[in-house]
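So the protein sequences, as listed, match chains U and W. The opening position of the first sequence corresponds to residue 1 in UniProt numbering, with each subsequent residue numbered one higher. The opening position of the second sequence corresponds to residue 1 in UniProt numbering, with each subsequent residue numbered one higher. Ideal Cβ positions, reconstructed from N, Cα and C, are used throughout, including at glycine. Given the structure is predicted, the values throughout are model-derived calculations rather than measurements. Take a look at the structure below.
There are 2 protein chains.
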Amino acid sequence: MKKGHQVTMKEIAKKLGVSVSTVSRAMKDSPELHPDTKKRIVDMAKSMNYQYNLLAQSLRISRSKVLGVIVPELTSHFFSSNISGIQDTAYKRGYNIMICQSNESFDQEKANIRTLVSSQVDGLLISLSRETKTYEHLQDIFDRGIPFIMFDRVTEEIPVSKITVDDAHGAYLVVKHLLDQGCRKIAYFSGPEDLYISKKRKEGYLEALAEYGLSEKESKVYFTDLTPEMNRQVTIEMLESGDLPDAIFAMIDPVAVDVMIVLKEKGIKIPEQIALAGFTNNPTSAVVEPSLTTVSQPGYEMGQLAANHLLDQLEEIVPDDPQSFVLLTTLVPRNSSKKKS
Amino acid sequence: MKKGHQVTMKEIAKKLGVSVSTVSRAMKDSPELHPDTKKRIVDMAKSMNYQYNLLAQSLRISRSKVLGVIVPELTSHFFSSNISGIQDTAYKRGYNIMICQSNESFDQEKANIRTLVSSQVDGLLISLSRETKTYEHLQDIFDRGIPFIMFDRVTEEIPVSKITVDDAHGAYLVVKHLLDQGCRKIAYFSGPEDLYISKKRKEGYLEALAEYGLSEKESKVYFTDLTPEMNRQVTIEMLESGDLPDAIFAMIDPVAVDVMIVLKEKGIKIPEQIALAGFTNNPTSAVVEPSLTTVSQPGYEMGQLAANHLLDQLEEIVPDDPQSFVLLTTLVPRNSSKKKS
Chain U
1 MKKGHQVTMK
11 EIAKKLGVSV
21 STVSRAMKDS
31 PELHPDTKKR
41 IVDMAKSMNY
51 QYNLLAQSLR
61 ISRSKVLGVI
71 VPELTSHFFS
81 SNISGIQDTA
91 YKRGYNIMIC
101 QSNESFDQEK
111 ANIRTLVSSQ
121 VDGLLISLSR
131 ETKTYEHLQD
141 IFDRGIPFIM
151 FDRVTEEIPV
161 SKITVDDAHG
171 AYLVVKHLLD
181 QGCRKIAYFS
191 GPEDLYISKK
201 RKEGYLEALA
211 EYGLSEKESK
221 VYFTDLTPEM
231 NRQVTIEMLE
241 SGDLPDAIFA
251 MIDPVAVDVM
261 IVLKEKGIKI
271 PEQIALAGFT
281 NNPTSAVVEP
291 SLTTVSQPGY
301 EMGQLAANHL
311 LDQLEEIVPD
321 DPQSFVLLTT
331 LVPRNSSKKK
341 S
Chain W
1 MKKGHQVTMK
11 EIAKKLGVSV
21 STVSRAMKDS
31 PELHPDTKKR
41 IVDMAKSMNY
51 QYNLLAQSLR
61 ISRSKVLGVI
71 VPELTSHFFS
81 SNISGIQDTA
91 YKRGYNIMIC
101 QSNESFDQEK
111 ANIRTLVSSQ
121 VDGLLISLSR
131 ETKTYEHLQD
141 IFDRGIPFIM
151 FDRVTEEIPV
161 SKITVDDAHG
171 AYLVVKHLLD
181 QGCRKIAYFS
191 GPEDLYISKK
201 RKEGYLEALA
211 EYGLSEKESK
221 VYFTDLTPEM
231 NRQVTIEMLE
241 SGDLPDAIFA
251 MIDPVAVDVM
261 IVLKEKGIKI
271 PEQIALAGFT
281 NNPTSAVVEP
291 SLTTVSQPGY
301 EMGQLAANHL
311 LDQLEEIVPD
321 DPQSFVLLTT
331 LVPRNSSKKK
341 S
């Protein structure tokens, strides 16, 4: 073993042919584990000069009763709903929360993790930034035995619990609704191509089209960086091309609202000429005119579930084996897509 | 001196007839102070058995490079703009921020302060909860020499720097605009009566009325707890009373939007029958129909100023004498009040 290398739980697990969470439980002296197994793991850890006990001990002794939360941005209604759900749940269970936002920046996300970890939070709830494509920073805290889970923007690379919403199914629901209204030439206004939700919602979009006998050839995807300026520009370019769809599905409500503003400026009737739908169910979507058809994401409930699950793990009510929770979305039909009464 | 009593800087200042910030500077060994003054204060502090140096020393030695921020709620566009301004500024200057929300609860606010202080943040930026009516928790951290400033929701009771927006002037501007449009019977939809901004905005409302020769008798204030349910109910009761105004000024945009929905449901034309205006310039206000006349608050700039000022104090670029900054608001006239072209 090279000098200065810090032994990870993963390496111990590999040597013994057990799972990482079994090693983790042995380190935490969990009563669920057979004493022989526990001894075998602890002995191996010692022989490998693994440095966990000290941190684990201090975590167990001096619980701060604080959870750390990292979200990409706070101005988003969805993430602030997540936080409300996390906070209400944590508070009921005697915990406070400290929040950091990554501003969609990978570097800021790493800095946030350092900050919250040195504040000795008992655990972390993390939603990844748009820029995060590598995961050493998460692997590092995982290896150090710092409890955390991920929500909404997650990665499969790290074996911790994850809570997501069913993006593909939500997109399927809303595009199927547009098809049910008689639309056949439906454009998808997507965020950046490599974004997880861009892809997932496209899956649902294509699935609904396929169900109505429309192939991928008959789909049409416009990309935007999600800024009001680009949303506007892409809409204008689409209109100027003369190749008009009979419906637009926008990846998130704010894009749909920006599209709506341009269509109205150009005198295009919604939904008669172009039907419109979004995704998120922001408060704004109910008050624009026409009111916006969208998909409701259970942001508050996601926060509640995330906090309860992490606290259940911390308090050893449930084992800390990684679990995946997928929350369902619901269609919210409104006037922007109502072609049939 | 009674046993167990912790001596405060205020008491030392009183004994010596100097200001609290002078004592604070002596404790921090500031080069701005004359050595004789410094010695006199330090001697007095010692004789009174004042316990500051230890904490101050440790703060100075182990700077965490983290600022703590406490806001009443994160779902508010205004506070999330504040936070963006604080974070961008802090990040540029090499600091990270940790955020807690009080959920408008006094107890939660106290818990947030405890949490952030035990995380050893270098300083705090605090916006008070709606419930906060006493200030021992702030006096306590002030006496312990923990650097902090207040923004938006502030109190005059604690001698630290404060950053606010000119609420009264903003309300004056928008009500004067309604008067300029020919409205003479203007109702004010106010939040809870004892809320600072309810009062300040009422001041501006009455000032504008007075300028047009309308006395307080000709004003009409409706109170709501700011929930959508009560905003709706108050509007319906006003309509059913038959005593209709020709304009409504709502204390915040979300109230104006709720009022707008009811007026439209009842077939009342905006602005022809009732003109409408809000305050805050939320993103929603630009996309409702008719677009909402409102007052723009510089939330992001407030955050920038707050963070820069606190960091200037921490880094001793400016003395930590309390200062008051008042940011100006601007009228954003839109269609909901446009009676004249």
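Could you spell out the range, first to last residue, of the beta strand (DSSP E) harbouring L124 of chain U?
G123 to I126
Classify I186 of chain W: buried if its beta carbon has 16 or more other beta carbons within 10 angstroms, exposed otherwise.
buried
In terms of DSSP beta bridges, what is K162 of chain U paired with?
U:M150 and U:S324
Opening and closing residue of the beta strand (DSSP E) in which N96 of chain U lies:
N96 to Q101
Is it true that the stretch 273-281 of chain U meets the stretch 303-312 of chain U, where meeting means three or more beta-carbon pairs spaced less than 8 Å apart?
no
Using a C-beta cutoff of 7 Å, does E289 of chain U count as contacting chain W?
yes
One or two residues paired with residue 372 of chain U in a DSSP bridge:
In this structure chain U extends from 1 to 341, so residue 372 of chain U is not present and cannot be described.
Just confirm the distance between the C-beta atoms of G191 of chain U and F279 of chain U, as a whole number of angstroms; I'd bet it's less than 8 Å.
Actually they are not in contact, since the Cβ atoms of G191 of chain U and F279 of chain U sit about 10 Å apart, beyond 8 Å.
CB-CB under 6 Å to residue 362 of chain U, same chain, minus the five flanking residues each way: which ones, in chain order?
The structure shown has nothing for residue 362 of chain U, since chain U only spans 1 to 341.
Under 8 Å between beta-carbons, which chain W residues line up against I99 of chain U? List them in chain order, please.
L74, M98, I99, C100 and Q101
Whole angstroms is fine: what's the gap from A208 of chain U's alpha carbon to N335 of chain W's?
40 Å
Please compile the residues from chain U whose C-beta is within a distance smaller than 9 Å of the C-beta of V66 of chain W.
T115, S118 and S119
Buried versus exposed call for H77 of chain W [16 or more other C-beta atoms within 10 Å across all chains shown]:
buried
Going by C-alpha to C-alpha distance, which of U:L244, U:V287, U:G242 and U:E136 sits closest to V257 of chain U?
U:V287
Roughly how many whole angstroms lie between the Cα atoms of T294 of chain U and V332 of chain U?
5 Å
Pull the bridge partners of S296 of chain W from the DSSP assignment, please.
W:T280 and W:T330
Can you give the Cα-Cα distance for P254 of chain U and S80 of chain U, rounded to whole angstroms?
16 Å
Cβ-based burial, H34 of chain U [other Cβ within 10 Å; buried from 16]
exposed
Across which residues does DSSP place I70 of chain W in a beta bridge pair?
W:C100 and W:I126
In terms of residues, what are the limits of the beta strand (DSSP E) holding I248 of chain W?
A247 to A250
Counting only Cβ pairs nearer than 8 Å, list the residues of chain U close to V257 of chain W.
V287
Coarse secondary structure for V288 of chain W, derived from DSSP in three states
strand
Touching by the beta-carbon criterion (3+ pairs, under 8 Å), the stretch 13-29 of chain W and the stretch 199-215 of chain U:
no
Residue of W:R63, W:G68, W:K15 and W:I70 minimising C-alpha distance to S47 of chain W:
W:K15
From the DSSP secondary-structure annotation, give me the bridge partner or partners of A275 of chain W.
W:A247
Any contact of the stretch 114-123 of chain W with the stretch 92-103 of chain U, i.e. 3+ C-beta pairs under 8 Å?
yes
Three-way DSSP call (helix, strand, coil) for M48 of chain W in this model:
coil
Under 7 Å, do I86 of chain U and V69 of chain U count as touching if we go by C-beta distance?
yes
S58 of chain W (DSSP reduced to helix, strand or coil):
The pLDDT assigned to S58 of chain W is 43, lower than 50, so where the model puts this residue is not dependable; a value taken from the coordinates is nonetheless given after this. Correct three-state label for S58 of chain W: helix.
Counting pairs of beta carbons, one from the stretch 242-249 of chain W and one from the stretch 172-181 of chain W, are three or more of them closer than 8 Å?
yes
Any Cβ of chain U within less than 7 Å of the Cβ of T284 of chain W?
yes
Three-state class that DSSP yields for H309 of chain U in the structure shown
helix
Opening and closing residue of the alpha helix (DSSP H) in which S19 of chain W lies
Neither: S19 of chain W is in no alpha helix (DSSP H) and is coded neither H nor E.
Note down the Cα distance separating N281 of chain U from V7 of chain W, rounded to an integer number of angstroms.
54 Å
Just the C-alpha distance for Y222 of chain U and F189 of chain U, rounded to the nearest angstrom, thanks.
5 Å
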